[in-house]
Amino acid sequence: MLAPTFDMQMLRTDFSCTGPRRNAGFTLVELLVVIAIIGVLIGMAVPAMQNMRELSRRSNCQFNLVQLSLALSAYETRNQQFPIGTSAAKGPIENVPKGYHHSWIAGLLPMMDAAAVYEAIDQQASVYAPENATVRMLRLPGLLCPSASGIPDNATCYAGITSSTETPIDEYNDGVFRLNLPTTIDEISDGLSYTLFVGEKLSRYEEDFGWFSGTRSSLRNAGHGLNDERRRIRGVQSADREVSSTYVGGLASDHPGGLHLLMGSGEVDFRSNEMDRKVLMQMASIADGEIPREMLSFVDVVDVDGNTVSDDQD
4 MLAPTFDMQM
14 LRTDFSCTGP
24 RRNAGFTLVE
34 LLVVIAIIGV
44 LIGMAVPAMQ
54 NMRELSRRSN
64 CQFNLVQLSL
74 ALSAYETRNQ
84 QFPIGTSAAK
94 GPIENVPKGY
104 HHSWIAGLLP
114 MMDAAAVYEA
124 IDQQASVYAP
134 ENATVRMLRL
144 PGLLCPSASG
154 IPDNATCYAG
164 ITSSTETPID
174 EYNDGVFRLN
184 LPTTIDEISD
194 GLSYTLFVGE
204 KLSRYEEDFG
214 WFSGTRSSLR
224 NAGHGLNDER
234 RRIRGVQSAD
244 REVSSTYVGG
254 LASDHPGGLH
264 LLMGSGEVDF
274 RSNEMDRKVL
284 MQMASIADGE
294 IPREMLSFVD
304 VVDVDGNTVS
314 DDQD
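Be aware that the sequence shown starts at 4, since it is given in the working numbering, and climbs by one per residue.
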């Protein structure tokens, strides 16, 4: 029997036709393309993540104001009036750490799940007295906006409205929170739904005496456009102009494009920086006899980038 034979020509690999085998991996050009694609994806993802974080911060800020609204409602139910804005022997209130100055927020503490803090206050002593030093320096998380920066730990980001104009804090103010005088629902003839109670605020670190202080640290007025005060605080506009000791200032926040306003009805709106100042002033007065037409015709919708969209309700 003959042994099988093999054709060696069939087993031989012809490298001259196929060329050398290519190693697995990326060429430099392919690697650069992949890096460029990853860079584009990251560039798209980072703003989206920042927007999501700001949206979350805005939601938490709104929740804080809702809680303040509930505390104000509970206080009014118990006392048949809203808390006074601040206390002092006489007005106007100066923005100096001197005077009795117990703020409207101090009166709300039992309704804010902070009864122990309220009990720790020496009601006979000034806010700035040694007897109240511990309370004065307390950080109350529910009073801090997550977007706010550069403020003291004991600050409040939410200010009671004391006047419709840039007027010193005093008994004759036309807002809800006045010196020594409480406000009743009957006095708010414009209606709770059309009256501004609380708005967001910012302060320079060295100017803020904390939530306990019934000065501009916890009170503001509607005599300025929304976030005009932010430009002064953040140094966007010249700081050469010295403000008086009785200067109160307007509303401001670190949210892009606007800030939150709390109405007497409990409604919380995020309003654009472009909001008409006259409308804001009408909202701040408790009894000017006018319902701003703009409030009935549209609501400013502001996205997390600060862009304003008017949502027509007519």
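Virtual Cβ for every residue (Gly too), placed ideally from N, Cα, C.
Identity of the residue in the options nearest residue i by Cα
i      : options                           : result
Lys281 : Glu232, Ala151, Pro259 and Gly226 : Gly226
Ser216 : His104, Gly88, Ser76 and Val179   : His104
Met115 : Leu73, Ser220 and Gly261          : Leu73
Asp156 : Ser206, Gly102, Leu112 and Ile188 : Ser206
Ala109 : Leu141, Met55, Leu262 and Ala287  : Leu141
Ala287 : Val32, Ile172 and Asp177          : Asp177
Asn63  : Thr168, Ala117 and Cys160         : Cys160
Phe200 : Ser76, Glu57, Gln83 and Val246    : Ser76
Pro149 : Leu44, Arg60 and Asp211           : Arg60
Ile172 : Leu58, Lys93 and Gln83            : Lys93
Leu222 : Ala158, Tyr78 and Gly145          : Ala158
Ala151 : Leu262, Val37, Val271 and Asp257  : Asp257
Pro144 : Gly213, Thr168 and Arg56          : Gly213
Thr137 : Ala119, Gly153, Leu146 and Gln83  : Ala119
Glu79  : Pro113, Leu31 and Met55           : Pro113
Ala117 : Glu134, Val37 and Leu146          : Leu146
Asn82  : Ile188, Val246, Leu283 and Glu210 : Ile188
Glu228 : Gly238, Met55 and Gly202          : At residue 228 the sequence reads Gly, which differs from the Glu that was named. For Gly228, the nearest C-alpha among the options comes from Gly202.
Val246 : Val271, Arg219 and Leu31          : Arg219
Ala255 : Glu210, Gly238 and Arg233         : Arg233
Span of the alpha helix (DSSP H) around residue i
i      : result
Arg235 : Asp231 to Ile236
Leu111 : Trp107 to Leu111
8 Å Cβ shell around residue i - same chain, five flanking residues per side excluded
i      : result
Ala242 : Low per-residue confidence applies at Ala242: pLDDT is 48, beneath 50, and the placement is therefore not dependable, though the value from the model is reported in the following sentence. The answer, listed in chain order, is Arg235.
Glu1   : Only positions 4 to 317 of the chain appear in the structure, and residue 1 is not among them; the question remains open.
Ala132 : Asp125
Glu190 : Ile289 and Ala290
Leu34  : none
Ser90  : Tyr103, His104, His105, Leu182, Asn183 and Gly217
Glu174 : Gly94, Arg181, Leu182, Asn183 and Leu184
Tyr208 : Gly153, Ile154 and Pro155
Leu111 : Leu71, Ala74, Leu75, Tyr78 and Pro86
Val271 : Gln65, Leu68, Val69, Ser72, His263, Leu264 and Leu265
Residue i: first and last residue of the uninterrupted beta strand (DSSP E) it sits in
i      : result
Met284 : Looking at the DSSP string, Met284 is not in any beta strand (DSSP E); the run it does join, the alpha helix (DSSP H), is Arg280 to Ala287.
Arg223 : Leu222 to Asn224
Tyr161 : Tyr161 to Ser166
Glu203 : Leu199 to Glu203
Arg274 : Val271 to Ser275
Gly261 : Gly261 to Met266
Residues near residue i by beta carbon distance below 6 Å, same chain, minus five either side
i      : result
Trp107 : Pro86, Gly88, Gly163 and Phe180
Glu122 : none
Thr186 : Phe85 and Val179
Thr16  : Unreliable positioning characterises Thr16 in this predicted model, as indicated by a pLDDT of 49, which lies under 50. A coordinate reading is not provided.
Asp231 : Gly253
Cut-off 7 Å between Cβ atoms - residues of its own chain near residue i, not counting five sequence neighbours on either side
i      : result
Gly42  : none
Glu169 : Asn224, Gly226, His227 and Val251
Leu31  : none
Glu134 : Asp125 and Ala128
Is it true that the stretch 156-168 meets the stretch 122-131, where meeting means three or more beta-carbon pairs spaced less than 8 Å apart? no
Please confirm if the stretch 185-198 is in contact with the stretch 60-68, defined as three or more CB-CB distances below 8 Å between the two stretches. no
Contact the stretch 90-105 vs the stretch 247-257: 3+ CB pairs below 8 Å: yes
The stretch 195-214 in contact with the stretch 263-283 per 3-pair CB rule at 8 Å: yes
Hey, which unbroken runs of the alpha helix (DSSP H) at 4 residues or more fall wholly within the stretch 136-189? 136-139
In chain order, what are the residue ranges of uninterrupted alpha helix (DSSP H) at least 4 long that sit wholly in the stretch 66-120? 107-111
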